[in-house]
Structure formats: C-alpha cells, structure tokens
Amino acid sequence: SPDGLNLAYISNQENDYFGQTDLFVYNFKDSSKKKIISGAKYAPSWINDSTLIFTLRSKPNKEGSKYFNLYKMSINQDEPDQLTENKRLRSPVYFKETNLVAAINTIDGLSNIYISDLDSINFKKITNFNNQEYISTINWNENGKKLIFDVVVSHGRDIYEIDIDSKNVIKIISQENDTRNPIQIEDKVYFSQDYNGIFNIGYKSDNNETKFLTNVLGGAFMPDIKDNKLVYSLYDDGKYKIALIDNIIDIKNDAI
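With the sequence shown counted from 1, adding 1025 to any position gets you the numbering used here.
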C-alpha cells in the first residue's frame, strides 16, 4: 500500500484449484491477513492506503458470455463497487497524480493496453499490437508519463515501455533470458529474470549490467519495493510463498 503498512495479493490458499483465487491483504504490523473478496483474478492495485482496484470474472450474461470487469473496494467494505460492464480488463494499475487507470485487454490471445480516468470510466486503447502478442504485467513509471510492461512474442518475455502522450512503444530490455514482472522505482527498472535457469529479482545498473537482489532455488517473481524493502512471490517446495527482504543489497552475479 502507499503507506507501506499492508500488502495486497491473490492466492488460492482456501480453494482446491490453482486458478481459484481470492484477494487478501496482509498487515505488516501485526502479521495478520484478511480475505477481502472471493474470486479476484490477476494483480490488484492500490488506489489509496485502504482502497484497491481489481478484476472479477462476471457471471454469464443472457448470451452465456463471461467478462472480466474492474471493481474497487476498501479493505473494510462489504461489497465492491463495479467500475466496468461487459469488458475484458485485467491487472489494473493506478497512478494517483494523474488519476489514470491502465489495464490489459486480451481477445483471442492478443493483448493491448487501455487507459481511463478513474472518475469517468471510459477505457481507450493506447497500444496497437496485432500479431498475437501477449502482455502479462504492466506498471506505471515513476512520473506517470510511461507504462512499462512485459510481452510474450514467441518464447519468453521482454520488457517494453509506451509513452502515454506520443503512444510510442519501444523495447527497453531484450535478452536471451526471460524477463518479466517489471516495476520502476526511482530511475531503476526491476524485474524477474531466469538468469542461469532460475528466476531471480534483478535490475539494470547504470552501466547496463544486470544486478540481482535474490538468489533462490525455486524462483522469485512479482517484485515490489517500498522504503528499501523488497517483497516478492517465492516459489519453493511446490508452492508459492510471500518473501520479504528488509535491506536490499546486490548479489555478485557469479554467485547466482
């Protein structure tokens, strides 16, 4: 959360199947967790210290179609507020200073990014991918003028960015390794990359060298950073856990 006191995440921990996920909030102060709502899909985003925006799959309409609509809800609210209708939007990300929400729309395996003002919901497409590219995760850069995101073109993922005003899209990280889950903190882009065959959290240094912050046996994904603390999803012993590093330091690449 913006104040650093809570962590929002989705988990299937109370369900039988991997895709049956619910939205939880973990409190760092007392180590408690609370299920906010059942059935939430994909990554949520904080609007403020107590309110989240997220995706829920709708019940079938009269034609039998199911949609993925956006909702917002405070952590003490009983029922969510529905923001969109008959849309297929996922992984929303909010930027407070511009009051803009960006989300991914995927139809027949082809993904594009849409944005809208939070107060007057009207999502408009800003990317123009047309060759079955798949976008997995998106995030705002530090000033809200660009979005960074990972894209599957054929095999593996690379990191792209789009300028919101010009709509210009460029690839900013392209390597043989699969690079995903980008976030930008200050002037650095952090990501998860399968360097040496295992996903770890890293970033690009000033001399364009990849530096790593984790060194795990299973896999480290979905980083977020606040006040020099790193939180990520750790794959270990056949399941995912939430891991926290209190003080971020670089690890030598020859140890990874």
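The C-beta atom is built at its ideal place from N, Cα and C for all residues, glycine as well. Here the structure is a predicted model, which is why all the values come from computation and not from measurement.
ask   = Going by DSSP, what residues sit across from I1223 in a beta bridge?
value = As a position in the sequence shown, residue 1223 is number 198, starting the count at 1. Looking at the DSSP output, I1223 bridges to nothing.
message = In the DSSP output, what is M1247 paired with across the bridge?
response = The count along the sequence shown starts at 1 and reaches residue 1247 at position 222. The partner list for M1247 (beta bridge, DSSP) is empty, contrary to what the question assumes.
query = Along the chain, where does the beta strand (DSSP E) that runs through I1267 open and close?
reply = Here residue 1267 refers to the residue found at position 242 when the sequence shown is read from its first residue. Unbroken beta strand (DSSP E) run through I1267: K1264 to I1270.
message = Quick check on I1078: buried or exposed, where buried means 16 or more other Cβ atoms within 10 Å of its Cβ?
response = Here residue 1078 refers to the residue found at position 53 of the sequence shown. I1078 should be labelled buried.
message = For a test of the three-state rule: what should DSSP assign to D1279, helix, strand or coil?
response = Translated into positions along the sequence shown, residue 1279 becomes position 254. Helix, per DSSP.
request  = Can you have a look at A1280 and say buried or exposed, based on whether 16 or more other CB atoms are within 10 angstroms of its CB?
outcome  = Numbered from its first residue, the sequence shown carries residue 1280 at position 255. When all chains shown are included, A1280 counts as exposed.
ask   = Roughly how far, in whole angstroms, is the beta-carbon of G1244 from the beta-carbon of F1224, given that I think they are within contact range, below 8 Å?
value = Along the sequence shown, one-based indexing puts residue 1244 at 219. Along the sequence shown, one-based indexing puts residue 1224 at 199. Contact flag correct, Cβ pair sits at about 4 Å.
task = Below 6 Å CB to CB, which residues in the same chain sit around R1067 once its five sequence neighbours on both sides are set aside?
result = Locating residue 1067 in the sequence shown gives position 42, counting from the first residue. The sequence shown places Tyr at residue 1067, rather than the Arg named in the question. Same-chain partners within the cutoff: T1080, R1115 and S1116.
ask   = Where are the beta strand (DSSP E) runs, 3 residues long or more, that stay fully inside the stretch 1053-1092, in chain order?
value = Counting only runs of 3 or more, we get 1057-1063, 1065-1071 and 1076-1082.
inquiry  = Here's a check: name, in chain order, each residue in its chain whose Cβ is nearer than 7 Å to the Cβ of Q1045, leaving out the five neighbours to either side.
reply    = For this step, residue 1045 is matched to residue 20 along the sequence shown. Once the five neighbours on either side are set aside, the close Cβ partners of Q1045 are N1037.
Beta-carbon proximity list for E1019, same chain, < 7 Å, skipping 5 on both sides = What the structure shows of the chain is the stretch from 1026 to 1281, and residue 1019 is not part of that stretch, so it cannot be assessed.
task = State the beta-bridge partners of S1036 as determined by DSSP.
result = For the purposes of this step, residue 1036 is taken as the residue at position 11 of the sequence shown. Beta-bridge pairing by DSSP links S1036 to D1047.
task = Drop a sphere of 10 angstroms on the beta-carbon of L1242, count the other beta-carbons inside from all chains shown, and report buried for 16 or more, exposed for fewer.
result = Here residue 1242 is taken as the residue at index 217 of the sequence shown, counted from 1. Residue burial is scored here from C-beta neighbours: L1242 has fewer than 16 other C-beta atoms within 10 angstroms and is therefore classed as exposed.
request  = Compute the Euclidean distance between the alpha carbons of Y1185 and K1054, then round it to the nearest angstrom.
outcome  = One-based indexing of the sequence shown puts residue 1185 at position 160. One-based indexing of the sequence shown puts residue 1054 at position 29. Between Y1185 and K1054, the C-alpha separation is close to 36 Å.
query = Mapping DSSP to helix, strand and coil, what is L1259?
reply = Taking the first residue of the sequence shown as position 1, residue 1259 is located at position 234. DSSP places L1259 in strand when its eight states are reduced to three.
query = Roughly how many angstroms separate the alpha carbons of G1058 and F1043, rounded to a whole number?
reply = On the sequence shown, residue 1058 is found 33 positions in, with the first residue counted as 1. On the sequence shown, residue 1043 is found 18 positions in, with the first residue counted as 1. Reading off the sequence, residue 1058 comes out as Lys, not Gly. Their backbone Cα atoms lie some 20 Å apart in a straight line.
Nearest-angstrom Cβ-Cβ length linking M1247 and S1258, presumed shorter than 8 Å = On the sequence shown, position 222 is the one that residue 1247 refers to. On the sequence shown, position 233 is the one that residue 1258 refers to. Distance from M1247 to S1258 at the Cβ level is roughly 4 Å; contact confirmed, criterion being Cβ atoms closer than 8 Å.
key: Whether Q1157 touches G1181 by CB criterion (8 Å)   = The residue given as residue 1157 occupies position 132 in the sequence shown. The residue given as residue 1181 occupies position 156 in the sequence shown. No, the Cβ-Cβ distance between Q1157 and G1181 is not below 8 Å.
task = For N1130, I'd like the list of residues in its chain whose CB is within less than 6 Å of its CB, leaving aside the five on either flank, ordered along the chain.
result = Here residue 1130 refers to the residue found at position 105 when the sequence shown is read from its first residue. Cβ neighbours of N1130 beyond the five flanking positions: R1113, L1114, N1137 and Y1139.
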